[in-house]
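Sequence order for the protein chains is A and B. Residue numbers for the first sequence, in numbering that gives the first Met the number 0: 0 to 394. Residue numbers for the second sequence, in numbering that gives the first Met the number 0: 0 to 394. We treat Cβ as the ideally placed atom computed from N, Cα and C, and that holds for glycine. As the structure is a computational prediction, the values presented were derived from the model and not from experiment. Read the structure below first, then the notes.
There are 2 protein chains.
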Amino acid sequence: MIRKMFEEGITLKKKHGEDKVYDFSLGNPNVDHPEAFKRELIKVADQEIKLKHGYTPNAGYPETRLAVARKISQTTGLKMTADHIVMSCGAGGALNVILKALLDPGDEVIILTPFFVEYPFYIENYDGVVKYVPTRPDFSPDIAAIGRAITRKTKAVIINSPNNPTGKVYSQKSITDLARLFRKKGRERKRPIYLVADEPYSEIVFDGVKVPSTLKAYSNSIIAYSYSKTLSLPGERIGYIAVHPRIHEADDLMAALILCTRILGFVNAPALMQRIVTHLQHVTVDVKIYQKKRDLLCRGLAAAGYEFAKPQGAFYLFVKSPIPDDAAFVHRLLQENILVVPGSGFGCPGYFRIAFCVEDSTIANALEGFARAIQDFRPQKISRPARRGSSGRNP
Amino acid sequence: MIRKMFEEGITLKKKHGEDKVYDFSLGNPNVDHPEAFKRELIKVADQEIKLKHGYTPNAGYPETRLAVARKISQTTGLKMTADHIVMSCGAGGALNVILKALLDPGDEVIILTPFFVEYPFYIENYDGVVKYVPTRPDFSPDIAAIGRAITRKTKAVIINSPNNPTGKVYSQKSITDLARLFRKKGRERKRPIYLVADEPYSEIVFDGVKVPSTLKAYSNSIIAYSYSKTLSLPGERIGYIAVHPRIHEADDLMAALILCTRILGFVNAPALMQRIVTHLQHVTVDVKIYQKKRDLLCRGLAAAGYEFAKPQGAFYLFVKSPIPDDAAFVHRLLQENILVVPGSGFGCPGYFRIAFCVEDSTIANALEGFARAIQDFRPQKISRPARRGSSGRNP
Chain A
0 MIRKMFEEGI TLKKKHGEDK VYDFSLGNPN VDHPEAFKRE LIKVADQEIK LKHGYTPNAG
60 YPETRLAVAR KISQTTGLKM TADHIVMSCG AGGALNVILK ALLDPGDEVI ILTPFFVEYP
120 FYIENYDGVV KYVPTRPDFS PDIAAIGRAI TRKTKAVIIN SPNNPTGKVY SQKSITDLAR
180 LFRKKGRERK RPIYLVADEP YSEIVFDGVK VPSTLKAYSN SIIAYSYSKT LSLPGERIGY
240 IAVHPRIHEA DDLMAALILC TRILGFVNAP ALMQRIVTHL QHVTVDVKIY QKKRDLLCRG
300 LAAAGYEFAK PQGAFYLFVK SPIPDDAAFV HRLLQENILV VPGSGFGCPG YFRIAFCVED
360 STIANALEGF ARAIQDFRPQ KISRPARRGS SGRNP
Chain B
0 MIRKMFEEGI TLKKKHGEDK VYDFSLGNPN VDHPEAFKRE LIKVADQEIK LKHGYTPNAG
60 YPETRLAVAR KISQTTGLKM TADHIVMSCG AGGALNVILK ALLDPGDEVI ILTPFFVEYP
120 FYIENYDGVV KYVPTRPDFS PDIAAIGRAI TRKTKAVIIN SPNNPTGKVY SQKSITDLAR
180 LFRKKGRERK RPIYLVADEP YSEIVFDGVK VPSTLKAYSN SIIAYSYSKT LSLPGERIGY
240 IAVHPRIHEA DDLMAALILC TRILGFVNAP ALMQRIVTHL QHVTVDVKIY QKKRDLLCRG
300 LAAAGYEFAK PQGAFYLFVK SPIPDDAAFV HRLLQENILV VPGSGFGCPG YFRIAFCVED
360 STIANALEGF ARAIQDFRPQ KISRPARRGS SGRNP
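What follows is the structure, given as structure tokens:
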């Protein structure tokens with residue numbers, strides 16, 4: 000779906016010119032990397048180090064892993080060491096390594112709809128079976144529904160907070176309740192349920208919201224992190240896997256993660272980026288810039304009559320389609336040269352996703368088109384929230 | 000096996016000091032990257048480009064792919080375009096993407112023993128079945144044996160020339176004969192056999208040897224290339240996949256390679272390295288440095304009485320063990336603080352591998368130990384070549 004919009008976008012841009020097309024289809028951060036990143040890059044580029052670009056250990060440079068462990072220790076109070084960290088090729092690489100390490104064929108992995116479009120692929124890459132559980136109407140995890148979805152075969156649950164596509168940040172209560180559920184089910188089954196927390200947006204939060212720590216809440220947690228959004232360098236493929244110090248069979252799991260990093264062909268996270276992020280553990284892009292874009296967009300869409308929950312983090316807005324057929328409404332927006340992604344692509348029909356990591360002018364100039372599009376459907380406007388579809392992976 | 004030697008090495012180095020241990024276990028290039036690479040890195044680091052580190056297309060930057068296509072066109076005479084290239088995270092990433100794109104569960108992939116230790120993992124990652132075919136005594140492909148190993152289920156054959164662990168460069172006749180065999184078998188089965196050529200060492204060749212082009216010889220060829228050895232930057236994970244313009248179902252295959260780059264979590268090859276290699280298509284490390292190391296090592300080992308074929312490329316020497324039990328002989332070398340890898344690890348017992356991408360002094364200082372070790376077994380020295388084991392993946 001995203002790719003289709005991307006291709007539609009290329010055609011439209013050729014026809015009408017770049018600045019006349021309002022492309023909200025891709026989550027490609029448009030806030031530039033922090034100056035500190037550039038300084039560090041130039042410093043490292045210039046350093047005379049023998050074999051500076053040689054293989055690193057499969058898990059990454061010890062000093063990089065230590066820097067990550069220290070940061071997590073500071074924020075969580077846990078005693079993390081370099082041995083609990085494996086540097087990865089972004090969160091996408093991290094999740095593939097984690098799932099390859101965890102899954103036996105036929106193992107079930109629960110994901111919450113709406114979901115990041117790549118999860119089903121990642122799970123099926125390792126012969127896992129995807130189980131879709133809808134979130135509640137406010138996009139928070141539905142603890143009871145997750146409980147009902149857990150079977151003997153459930154190996155892991157993936158959560159993503161701040162969330163793509165909804166911008167939802169899971170509350171401390173949600174995380175605590177999830178942890179309690181997993182502990183209970185783990186005891187019953189005498190096998191742990193792994194909580195895989197995909198957290199590339201953990202630093203992209205608004206209005207002083209805090210992202211509750213999954214590591215602190217639950218010992219069978221594994222974090223997949225990426226610097227892609229925090230430092231605006233998604234093309235450089237640098238992130239990490241962090242494992243709770245008291246996770247079930249910790250030594251075997253770490254060995255598996257390191258082996259899988261090797262045999263999936265990642266071998267090691269890019270060496271130069273490892274060196275750089277070692278010194279940028281507390282640096283982030285200016286999040287206020289995204290917050291301003293969110294506010295501009297939310298004000299405009301609310302005034303036009305759209306319904307949505309104001310995102311607390313990430314850079315996505317998940318908007319209720321004024322008509323149940325989200326694809327049809329997305330098509331209507333296309334006539335305004337506005338590119339968004341139908342909710343069906345995220346397993347959640349009746350909605351569409353706006354990635355607002357774009358220029359302020361793109362948002363400002365698109366608002367008129369958004370307003371015109373919803374006007375067409377005013378007479379039929381549904382006053383009660385549309386029921387979201389329960390699940391189903393979209394082709 | 001390699002990892003075990005690596006760990007033995009750490010223990011030995013702690014005990015005796017770094018300079019008293021002769022570590023030939025890892026293929027980590029020790030010739031520094033070319034000055035042109037550093038210049039290009041500093042230039043790119045300093046450039047002001049909006050979102051310089053953003054996502055690239057999954058296949059890579061169009062200009063990088065074009066630069067690669069031009070280079071291959073020049074050397075082969077084929078009409079390659081950017082559309083035949085997918086940038087990858089090194090050759091390891093390239094091979095995983097290729098195998099994921101090609102294989103259905105149960106498909107067979109032929110590899111030639113001795114083989115690069117990661118191939119069986121890569122194939123089994125995608126539920127492929129590994130078929131081992133021994134090379135001839137001079138380590139060239141045994142065309143008749145490969146022909147006999149091809150079944151209805153054979154999807155691909157992986158070759159690696161210049162070869163790890165033998166340093167063998169396959170002759171033009173070998174490549175031509177392989178191509179003829181695959182064309183014949185392809186016609187008989189009415190389905191193509193893909194030739195996957197793993198070519199990270201194609202620029203590391205000695206004595207003016209030329210590496211024959213697989214692309215020129217056979218249209219169902221796919222190249223997995225890495226800049227790791229050519230530019231001495233294995234830690235940066237940059238390489239490419241090149242597909243013959245007339246390969247079977249070219250469009251579908253390219254789409255599959257791009258999709259697999261995405262869903263395996265690579266997403267795109269590291270952006271900064273893509274920018275750099277665009278301008279370094281004709282740059283290589285000083286290969287003469289490796290040639291000198293090879294000559295120093297070969298002279299010393301020949302004088303001590305070892306038997307081996309002088310490598311024509313790469314930076315490995317595959318030496319016949321003076322006793323059939325290669326692990327026992329490797330253990331004897333350990334007593335001399337010499338670390339090498341038993342041939343069993345490459346599916347070829349009775350041999351051991353020396354990675355000579357080390358300091359000249361390491362080679363010079365180790366020769367005495369090599370000489371002492373073989374002396375122990377002189378009385379029992381076997382005068383005829385030991386039969387190499389036929390196959391069998393080593394645990």
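For residue j and residue i, believed in contact at Cβ under 8 angstroms, the rounded distance
i        : j        : result
A/ALA303 : A/ALA370 : 4 angstroms
A/LEU98  : A/ASN124 : 7 angstroms
A/VAL210 : A/PRO161 : 7 angstroms
A/GLN464 : A/ASP206 : Outside the displayed range of chain A (0 to 394) lies residue 464 of chain A, so it cannot be described from this structure.
A/LEU256 : A/ALA100 : 5 angstroms
A/ALA66  : A/THR277 : 5 angstroms
A/VAL129 : A/VAL108 : 6 angstroms
A/ALA68  : A/HIS52  : At roughly 24 angstroms, the Cβ-Cβ gap does not stay under 8 angstroms, so A/ALA68 and A/HIS52 are not in contact.
Closest by C-alpha distance to residue i, when choosing among the options
i        : options                                   : result
A/HIS32  : A/ILE262, A/ILE246 and A/SER227           : A/SER227
B/PRO119 : B/SER139, B/ASN95 and B/PRO140            : B/ASN95
B/TYR350 : B/VAL242, B/GLY368 and B/PRO321           : B/PRO321
A/PHE317 : A/PHE328, A/ALA354, A/THR283 and A/ASN336 : A/ALA354
A/LEU194 : A/VAL204, A/ILE203 and A/SER212           : A/SER212
A/HIS247 : A/SER201, A/ARG190, A/VAL284 and A/GLY234 : A/ARG190
A/VAL373 : A/HIS330, A/TYR54, A/PRO133 and A/ILE149  : Before going further, note that residue 373 of chain A is Ile rather than Val in the sequence given. For the residues A/HIS330, A/TYR54, A/PRO133 and A/ILE149, the minimum Cα distance to A/ILE373 belongs to A/HIS330.
A/ARG298 : A/GLN171, A/LEU366 and A/ILE240           : A/LEU366
B/ASN29  : B/ARG377, B/GLY368, B/SER360 and B/CYS356 : B/CYS356
B/ASP470 : B/PRO136, B/ALA44 and B/ASP359            : Shown here, chain B extends from 0 to 394; a query on residue 470 of chain B therefore has no answer.
B/GLY146 : B/ALA216, B/LYS19, B/ALA241 and B/ASP176  : B/ASP176
B/PHE328 : B/LEU258, B/LYS309, B/ALA313 and B/PRO348 : B/PRO348
B/GLY342 : B/GLY89, B/ARG377, B/THR112 and B/ILE203  : B/THR112
B/ILE240 : B/CYS88, B/LEU11 and B/ASP45              : B/CYS88
Per-residue DSSP class, three states only, for residue i
i        : result
B/ALA308 : coil
B/ASP18  : helix
A/TYR193 : strand
A/TYR118 : helix
B/VAL340 : strand
B/GLY238 : strand
B/GLU107 : strand
B/MET79  : coil
A/SER87  : strand
B/THR229 : coil
B/THR74  : helix
Backbone CA spacing between residue i and residue j [nearest angstrom]
i        : j        : result
B/ARG236 : A/GLY185 : 39 angstroms
A/SER220 : A/LYS152 : 18 angstroms
B/LEU271 : A/PRO323 : 43 angstroms
A/GLU6   : B/ILE110 : 39 angstroms
B/PHE181 : B/SER173 : 12 angstroms
A/LYS292 : A/PHE307 : 15 angstroms
B/LYS380 : B/TYR305 : Low confidence applies here, because B/LYS380 scores a pLDDT of 46, under 50, leaving its location unreliable; read the following figure in that light. B/LYS380 and B/TYR305: Cα-Cα distance of roughly 10 angstroms.
B/SER231 : B/ALA35  : 12 angstroms
A/LEU214 : A/ILE222 : 8 angstroms
B/VAL286 : B/GLN280 : 16 angstroms
B/GLU117 : A/ALA178 : 38 angstroms
A/LYS78  : B/SER139 : 54 angstroms
A/LYS14  : A/TYR21  : 13 angstroms
B/ILE396 : B/ALA93  : Limits of chain B in this structure are 0 at one end and 394 at the other, which puts residue 396 of chain B out of reach.
Continuous beta strand (DSSP E) stretch holding residue i: start and end
i        : result
B/PHE317 : 315-319
A/PRO133 : 128-133
A/PHE351 : 350-354
A/ASN154 : In the sequence on display, residue 154 of chain A carries Lys and not Asn. From DSSP, the beta strand (DSSP E) with A/LYS154 extends over 153-158.
A/ALA223 : 220-225
Residue i - containing alpha helix (DSSP H), residue span
i        : result
B/ARG261 : 249-262
A/ASP294 : 286-303
A/VAL43  : 34-45
A/THR175 : 171-188
B/ASP141 : Note, B/ASP141: premise wrong, no alpha helix (DSSP H); not H, not E.
A/ARG377 : Careful: A/ARG377 lies outside any alpha helix (DSSP H) and carries neither H nor E.
Closer than 9 angstroms to chain E by CB, residue i
i       : result
B/ILE41 : As a matter of chain content, chain E is missing from the structure shown, whose protein chains are A and B.
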